[in-house]
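In what follows, a single structure is set out as structure tokens and then discussed.
In my numbering, the protein residues as written are 18 to 197.
See below:
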């Protein structure tokens, strides 16, 4: 099988979506919330800097900025937890709609693994796969990155998935599959 011509696309079932939401997307969403909140705090601090007289008010600006940063650090985890919890409660409710579920997909190409979901996509190169384990019902791909992830791909009740083709590609071009 030629790795450059390899391409498969699998829609995710409801259990795969739930597992990925809980383990994978929740962490990504938390990182994005933290990034946006840090950017907002820095924006307000630097916006405040342009509004002061540097000769007279610089020391007061430093105290205000330090207080804002300390306040931000104190409430950041609470804020991030509340926003993440709310977003994933909404995501659970949205999973009831079939049209939204069809937008979750695994895309496998010769160079990468891509997970498409309504809020975007995540891409991993095949070289980040540390281990592949095959069970009766699932293929597990262990991704080694900053935060290790497990992608589970269901083999059960999916005749339209070309699992044998995916397994052959992984075995030949990526990593030996451990069969359990």
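The beta-carbon is built from N, C-alpha and C at its ideal position, and this holds for glycine as well.
Out of 151, 179, 100 and 182, the CA that lies nearest to the CA of residue 168 is found in 151. Cβ-Cβ distances below 7 angstroms link residue 179 to 25 in the same chain, with the five nearest sequence neighbours on each side left out; the list follows chain order. Exclusion of the five residues before and after residue 183 leaves 25 and 125 as the residues of its chain whose Cβ lies within less than 7 angstroms of its Cβ.
Residue environment: residue 187 is assigned as buried (16 or more neighbouring CB atoms within 10 Å of its CB, all protein chains considered).
Beta-bridge partners of residue 160 (DSSP): 146 and 166. When secondary structure is reduced to three states using DSSP, residue 132 falls in the strand class. According to the DSSP secondary-structure assignment, residue 137 is paired through a beta bridge with 134. Residue range 194-196 is occupied by the beta strand (DSSP E) that includes residue 196. Leaving aside the five residues that flank residue 191 on each side, the residues in its chain whose CB is nearer than 6 angstroms to its CB run, in chain order, 143 and 146. Residue 123 carries a strand assignment under DSSP once its states are collapsed to helix, strand and coil. When C-alpha distances from residue 181 are compared across 166, 156 and 73, the shortest belongs to 156. The beta-bridge partner set that DSSP reports for residue 171 consists of 155.
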